[in-house]
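Participant:
Numbering (this note's numbering), first residue to last: 7 to 160.
1. Based on Cα-Cα distance, which residue from 143, 124, 144, 116 lies nearest to residue 68?
2. Residue 148: buried (16+ other C-beta within 10 angstroms of its C-beta) or exposed?
3. Report the rounded CA-to-CA distance for residue 89 versus residue 64, giving the unit in angstroms.
4. Of all the options 34, 30, 129, 25, which has the alpha carbon lying nearest to the alpha carbon of residue 47?
5. Roughly how many whole angstroms lie between the Cα atoms of residue 97 and residue 59?
6. Out of 93, 37, 32, 140, point me to the one whose CA is closest to residue 126's CA.
7. From the DSSP output, read off the bridge partner residues of residue 9.
8. Please classify residue 100: does DSSP put it in a helix, a strand, or coil?
9. In chain order, which continuous runs of the alpha helix (DSSP H) of length 4 or greater are located wholly inside the region 85-142?
10. The beta strand (DSSP E) that contains residue 38, what's its start and end?
Shown next, in the form of structure tokens:
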């Protein structure tokens, strides 16, 4: 598994963002994964991690799954999340994502899952993503801590 690049400012992976989750993503060239442990300040109802935060992590995995397979970053156009069981603070979860369909480099469809240590699916998601216009890529690239170009070598 290869470590994916990360940014300074992203809420999910940003190393310089004081409130970021600071997640690291790994890929085998197809599947993207991370380990996520929510903190007590991430709850919605007492003792249960907020669904919006879980949705954010699932979305991020799908964005990276699209990037790894298509060599392009994409914005979320549609996100569907199904919550099956609760995630608790300080409970480690494995999150995986992968590209399912590339519709002529115009729309990407991806899926992701968040599982507990026992392999039980706590949440699953599907999403549709549209490629970031080329004019925005150069500006986005300036925020990376690492050199992201290896992801986009065809």
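Note that CB positions come from ideal geometry on N, CA and C, so glycine has one too.
Facilitator: The answer reads as follows:
1. One-based indexing of the chain shown puts residue 68 at position 62. With distances taken between Cα atoms, residue 68 lies closest to 116.
2. Taking the chain shown and counting its residues from 1, the one referred to as residue 148 is at position 142. With fewer than 16 other Cβ atoms within 10 Å, it is exposed.
3. Numbered from 1 along the chain shown, position 83 holds the residue referred to as residue 89. Numbered from 1 along the chain shown, position 58 holds the residue referred to as residue 64. The straight-line gap separating the alpha-carbon atoms of residue 89 and residue 64 is approximately 11 angstroms.
4. Translated into the one-based positions of the chain shown, residue 47 becomes position 41. It is 25.
5. On the chain shown, position 91 is the one that residue 97 refers to. On the chain shown, position 53 is the one that residue 59 refers to. If I take the Cα positions, the gap works out to 14 angstroms.
6. Working through the chain shown from its first residue, we reach residue 126 at position 120. Closest option to residue 126, Cα to Cα, is 93.
7. In the chain shown, counting from the first residue as 1, residue 9 sits at position 3. Looking at the DSSP assignment, residue 9 forms a beta bridge with 32.
8. Taking the chain shown and counting its residues from 1, the one referred to as residue 100 is at position 94. Strand.
9. Complete alpha helix (DSSP H) runs here, min 4: none at all.
10. The residue you call residue 38 lines up with position 32 of the chain shown. 38-43 is the span of the beta strand (DSSP E), which, as asked, contains residue 38.
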